[in-house]
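A.B. asks: Here the sequence shown stands for residues 0 to 644, numbered as in numbering that gives the first Met the number 0. All C-beta atoms, glycine included, are put in the ideal place defined by N, C-alpha and C.
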Amino acid sequence: MKNLVNNLRVLGVETITNAKSGHPGVVLSAAPIFYSIFKNLKVDLQNPKYFNRDFFVASAGHASSLLYSTMHLFNMGISVNDLKNFRKVNSITPGHPELETPFVDCATGPLGQGVANSVGLAISQKHLAKIFNKKDIKIFNGYTYCFLGDGCLMEGVALEAFSIAGKLKLNNLIFVYDRNNKTIEGGLDIAYEEDTVAKFKAMGFNVIEVMEGNNEVLIEKAIINAKVSDKPNLIIVNTIIGFGSHVEDSEISHGKPFTTEEVKKLKEKFNIKNEPFQIDKNIYDFINKINLRKEKEINKEKKILERYKKKYPEDYKKLEEYLNFGYSAEAIKKLDKLNIENNLSTRENNHIILNSIFNTVKNVLGGSADVNTSTMVYLKDEKYLNDDFENRNIHFGVREHAMGAISNGITLSGALLSFCSCYLSFSDYLKPALRMAALMDLPVFYQFSHDNFLIGEDGPTHQPVEQLVTLRATPNVYTFRPYNNAEIIAAYRFYLETKKPTCLVLSKEKVENKKYGISNALKGAYTVYKEEGELKGVILSSGIEVSIAINIAKKLKGVRVVSIPCFELFDKQSEKYKQSILTDKPKIALEFSSSYSYHKYCKDGLYLTMENFGKSGNKNDLRKDFNLDDESIIKKIKKFLKENE
């Protein structure tokens with residue numbers, strides 16, 4: 000169907016030219032790939048979120064105009080007017096794919112992230128199939144397709160994810176690689192000369208190479224073969240960037256929109272005489288026949304689901320709980336009844352709470368970056384997920400980058416929650432994935448331990464300083480640094496109620512856990528120690544430092560201690576409430592990390608914080624070295640309060 004593919008090429012390029020912005024090179028090289036994938040992509044045109052659909056991720060998100068043009072031809076919620084609004088404010092055709100667009104399964108842009116998201120989606124499909132499919136009735140049988148380019152293959156996050164996909168034998172995962180051998184700066188060989196086929200075979204992949212990238216019949220044949228593989232698949236399609244244009248096989252075609260005259264010449268080359276954005280009726284008719292075939296397949300599956308509902312009513316009810324996150328309400332009731340009073344660290348108590356809650360919330364998968372014995376973030380009564388996909392713990396290995404992005408993919412399935420864990424100092428490794436989770440508003444629960452320099456002897460590489468500021472500064476991310484069990488429980492309640500990207504920052508230091516109200520913690524900040532006598536100053540703190548602040552306040556008269564477990568929630572409180580907590584008295588910030596988080600609420604205050612990297616040594620010696628031991632802190636507070644009388 001060469002005429003169809005060439006019309007698709009032109010439509011994608013016209014979309015870019017009209018917007019005066021975009022990436023025409025990939026449109027011209029990859030149009031046969033997109034047509035072949037979407038011809039085989041199982042979707043319900045009446046329900047973009049159909050639970051057993053095939054997933055498609057454009058990891059090379061700069062191919063967005065090609066994606067939208069393909070979706071338009073396949074009647075997937077994109078009109079010609081939407082194409083004309085490409086890259087305009089508040090359109091459903093943004094510069095890179097976003098979830099607000101119907102039938103877009105994953106927001107992409109940072110290269111490689113979509114690769115790892117695809118691994119997460121494929122894991123979710125396998126896990127759900129294991130949980131719900133029966134020998135006689137299978138209701139989960141979808142595939143995950145991922146389109147990627149040369150740039151994705153060079154990204155570390157992608158390589159980590161490929162490795163996990165091979166280990167888990169994700170044979171429902173089909174990567175289609177647009178190998179045009181070009182980068183923005185020149186030929187691919189200026190930065191990449193590896194034997195891709197050998198490398199992927201070594202990682203456990205089924206590799207299929209399509210030498211003629213303009214032959215959609217060969218591409219479709221490769222897809223059909225991949226669907227019966229017992230391994231994850233990499234289909235390498237050899238293409239020519241900017242195919243058919245004046246900048247064919249040149250890196251110039253990557254990100255420079257064509258002029259109207261250049262588009263005219265391209266259409267002449269492809270013998271297309273239509274007006275801009277015009278597609279022949281016979282092409283729409285041909286696509287409609289494909290869609291009718293898909294509709295029959297979906298209707299057949301819906302009848303199978305009805306049989307499943309009648310034969311396995313309890314499992315069907317469980318399926319509804321998964322798809323509607325119904326377990327969360329039951330877990331929240333359980334949270335309110337938890338009463339844990341001990342002198343354990345927050346990471347130890349989090350382990351207790353996590354297991355209590357996620358024994359109720361069954362639709363959750365997660366794990367750590369090879370540090371579960373340290374962070375204690377794992378399900379103690381569960382085995383680890385392997386290539387039978389039954390269990391809920393995941394061995395991510397030492398792969399923080401991929402762990403974050405795979406967790407995103409798991410939640411993108413629409414039926415599962417996810418959690419992941421590493422040391423706080425290494426949260427930087429997964430920050431790009433966390434940012435994408437925030438942008439997509441995904442219910443990923445990040446749990447970071449070893450949260451300050453008191454971890455001691457491991458030294459400054461492991462002692463976080465700036466990480467809390469980074470997390471708190473990320474839009475749509477809620478960061479909890481709990482002092483006690485009530486604050487940990489508050490974090491879980493917030494996560495389960497809102498399904499927002501949530502960070503839980505934990506300590507290995509033991510604290511005295513007294514009972515405070517969860518409702519107070521959910522306000523983001525509250526008074527944990529009321530001053531003796533006349534109020535002279537207020538200490539603002541979080542985490543283990545709250546217990547230090549309370550001990551110090553007891554030795555000083557007129558000092559109040561306010562715990563701020565979540566700045567983002569406190570920011571949302573009324574000015575009246577904030578004033579009642581903070582008062583107009585002098586403020587002292589006590590947190591063993593950067594001071595930047597506190598500047599909003601501690602103007603002209605005293606900062607007992609870390610403004611440099613830590614050192615290796617005993618925690619008590621380190622506190623003295625940084626003048627953050629109790630004695631030094633008391634002296635500084637006394638001096639500060641006297642100066643502000």
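So Ala201 is in the alpha helix (DSSP H); what residue range does that whole segment cover?
C.D. replies: Walking along the sequence shown from the start, residue 201 turns up at place 202. 195-201 is the span of the alpha helix (DSSP H), which, as asked, contains Ala201.
A.B. asks: Do you know offhand how far Asp43's Cα is from Gly516's?
C.D. replies: Position 44 of the sequence shown holds residue 43. Position 517 of the sequence shown holds residue 516. Taking the straight line joining both Cα atoms gives about 46 Å.
A.B. asks: Which residue wins for smallest C-alpha separation from Leu640, given the options Leu337, Arg622, Lys586?
C.D. replies: As a first step, residue 640 must be located in the sequence shown, where it is residue number 641. That would be Lys586, whose Cα lies nearest to the Cα of Leu640.
A.B. asks: Which term fits Glu574, buried or exposed, when burial requires 16 or more other beta carbons within 10 angstroms of its beta carbon?
C.D. replies: By 1-based counting over the sequence shown, the position of residue 574 is 575. Answer is exposed; the Cβ neighbour count stays below 16.
A.B. asks: Contact check, Thr16 vs Pro256 under 8 Å by CB: the rounded distance?
C.D. replies: Position 17 of the sequence shown, counting from 1, holds the residue named residue 16. Position 257 of the sequence shown, counting from 1, holds the residue named residue 256. Going by Cβ atoms, the distance from Thr16 to Pro256 rounds to 5 Å, so yes, they are a contact pair.
A.B. asks: Tell me where the alpha helix (DSSP H) around Cys151 begins and ends.
C.D. replies: The residue given as residue 151 occupies position 152 in the sequence shown. 149-153 is the span of the alpha helix (DSSP H), which, as asked, contains Cys151.
A.B. asks: Kindly confirm or deny that the region 25-37 and the region 218-227 touch, where touching means at least three C-beta pairs closer than 8 Å.
C.D. replies: They touch, by the three-pair rule.
A.B. asks: According to the neighbour-count rule (16 or more other Cβ atoms, all chains shown, within 10 Å of its Cβ), is Val376 buried or exposed?
C.D. replies: By 1-based counting over the sequence shown, the position of residue 376 is 377. Classification for Val376: buried.
A.B. asks: List the whole-angstrom C-beta distance separating Leu411 from Gly119, where the pair is believed to meet the contact cut-off of C-beta under 8 Å.
C.D. replies: Within the sequence shown, numbered from 1, the residue matching residue 411 stands at position 412. Within the sequence shown, numbered from 1, the residue matching residue 119 stands at position 120. Leu411 to Gly119, Cβ: 7 Å. Contact.
A.B. asks: Any chance you could list the beta strand (DSSP E) runs of at least 3 consecutive residues sitting entirely within the region 514-602, in chain order?
C.D. replies: Qualifying beta strand (DSSP E) stretches, in chain order: 525-528, 536-540, 558-562, 586-589.
A.B. asks: Which residue wins for smallest C-alpha separation from Glu294, given the options Leu40, Arg559, Lys614?
C.D. replies: The residue you call residue 294 lines up with position 295 of the sequence shown. Glu294 has its Cα closest to that of Leu40, out of Leu40, Arg559, Lys614.
A.B. asks: Would you give the residue range spanned by the alpha helix (DSSP H) that Tyr67 belongs to?
C.D. replies: Within the sequence shown, the letter at position 68 stands for residue 67. Unbroken alpha helix (DSSP H) run through Tyr67: 63-72.
A.B. asks: Between which two residues does the beta strand (DSSP E) harbouring Ile235 extend?
C.D. replies: Residue mapping note: residue 235 aligns to position 236 of the sequence shown, counting from 1. Element bounds for Ile235: 232-237.
A.B. asks: Assuming Ser327 contacts Leu495 under a Cβ cut-off of 8 Å, what Cβ separation, rounded to an integer in Å, is found between them?
C.D. replies: Translated into positions along the sequence shown, residue 327 becomes position 328. Translated into positions along the sequence shown, residue 495 becomes position 496. About 4 Å separates the two Cβ atoms, so the contact holds.
A.B. asks: Could you tell me which uninterrupted beta strand (DSSP E) segments, each at least 3 residues in length, are contained entirely in the region 428-495, listed from first to last along the chain?
C.D. replies: Those beta strand (DSSP E) runs which fall completely within the region 428-495 and span 3+ residues are 443-448, 477-479.
A.B. asks: So, with DSSP's three-state summary, where would you put Asn390?
C.D. replies: What you label residue 390 is simply residue 391 of the sequence shown in a count that begins at 1. In the structure shown, Asn390 sits in coil (DSSP, three-state: anything other than H, G, I, E or B).
A.B. asks: How should Ala472 be labelled, buried or exposed, when 16 other C-beta atoms within 10 angstroms of its C-beta is the threshold for buried?
C.D. replies: Taking the first residue of the sequence shown as position 1, residue 472 is located at position 473. Exposed is the call here.
A.B. asks: What residue range is occupied by the uninterrupted beta strand (DSSP E) comprising Thr501?
C.D. replies: Indexing the sequence shown from 1 puts residue 501 at position 502. Run containing Thr501: 501-504, per the beta strand (DSSP E) assignment.
A.B. asks: Would you mind giving the Cβ-Cβ distance between Val560 and Ala548, rounded to the nearest angstrom? I have them listed as a contact below 8 Å.
C.D. replies: The sequence position of residue 560 within the sequence shown is 561, counting from 1. The sequence position of residue 548 within the sequence shown is 549, counting from 1. Contact flag correct, Cβ pair sits at about 5 Å.
A.B. asks: Nearest CA to the CA of Val26: which residue from Glu247, Met153, Glu567?
C.D. replies: Start at 1 with the first residue of the sequence shown, and residue 26 comes out as number 27. Val26 has its Cα closest to that of Glu247, out of Glu247, Met153, Glu567.
A.B. asks: Where does Glu208 fall in DSSP's three states?
C.D. replies: Numbered from its first residue, the sequence shown carries residue 208 at position 209. It is a strand residue.
A.B. asks: Have a look at Ala128 and Lys553 and give me their C-alpha separation to the nearest angstrom.
C.D. replies: The residue given as residue 128 occupies position 129 in the sequence shown. The residue given as residue 553 occupies position 554 in the sequence shown. If you take the alpha carbons of Ala128 and Lys553, they lie about 57 Å apart.
A.B. asks: With contact counted as at least three CB pairs below 8 Å, one residue from each stretch, are the region 173-181 and the region 142-161 in contact?
C.D. replies: Verdict: yes, contact present.
A.B. asks: Thinking C-alpha only, which one of Asn74, Asp628, Val9, Tyr576 is nearest Leu265?
C.D. replies: Within the sequence shown, the letter at position 266 stands for residue 265. Of the candidates Asn74, Asp628, Val9, Tyr576, the one whose C-alpha sits nearest the C-alpha of Leu265 is Val9.
A.B. asks: Return no unless some Cβ of chain C is closer than 8 Å to the Cβ of Leu607.
C.D. replies: Here there is only one protein chain, and chain C is not present.
A.B. asks: With contact counted as at least three CB pairs below 8 Å, one residue from each stretch, are the region 455-468 and the region 611-626 in contact?
C.D. replies: Taking 8 Å as the limit for Cβ pairs, the verdict is that the region 611-626 does touch the region 455-468.
A.B. asks: Would you check if the region 71-86 and the region 363-382 touch, i.e. whether three or more CB-CB distances between them fall below 8 Å?
C.D. replies: They do not touch, by the three-pair rule.
A.B. asks: Can we count Asp440 as close to the ligand NAD, meaning its CB is less than 7 Å from some heavy atom?
C.D. replies: No copy of the ligand NAD occurs in the structure displayed, which carries no ligand at all.
A.B. asks: For Ser63, which option in Gly108, Lys634, Asn214 has the closest C-alpha, if you only look at C-alpha atoms?
C.D. replies: If you number the sequence shown from 1, residue 63 lands on position 64. Considering only alpha carbons, the answer is Gly108.
A.B. asks: Once the 5 residues before and after Lys361 are set aside, which same chain residues still bring their CB inside 7 Å of it?
C.D. replies: Residue 361 sits at position 362 when you count from the first residue of the sequence shown. Excluding positions up to five away in sequence, the list reads Tyr326.
A.B. asks: Would you give the residue range spanned by the beta strand (DSSP E) that Val175 belongs to?
C.D. replies: In the sequence shown, the residue the question calls residue 175 occupies position 176. Where Val175 is concerned, the enclosing beta strand (DSSP E) stretches over 172-178.
A.B. asks: I'd like to know whether the C-beta atoms of Lys646 and Leu169 end up nearer to each other than 8 Å.
C.D. replies: In the structure as shown, the chain starts at 0 and stops at 644, and residue 646 therefore has no counterpart that could be examined.
A.B. asks: With a Cβ-Cβ cutoff of 8 Å, do Tyr597 and Leu539 count as a contact?
C.D. replies: As a first step, residue 597 must be located in the sequence shown, where it is residue number 598. As a first step, residue 539 must be located in the sequence shown, where it is residue number 540. In contact: Tyr597 and Leu539 (Cβ atoms closer than 8 Å).
A.B. asks: Can you give me the start and stop residues for the beta strand (DSSP E) that Gly366 sits inside?
C.D. replies: On the sequence shown, position 367 is the one that residue 366 refers to. Per DSSP, Gly366 belongs to the beta strand (DSSP E) from 363-367.
A.B. asks: Hey, could you find the ends of the beta strand (DSSP E) Ala57 is sitting in?
C.D. replies: Within the sequence shown, residue 57 is the residue found at index 58, counting from 1. Its beta strand (DSSP E) spans residues 54-57.
A.B. asks: Just reading off the beta strand (DSSP E) that Phe418 is part of, what are its end residues?
C.D. replies: Working through the sequence shown from its first residue, we reach residue 418 at position 419. Residues 416-422.
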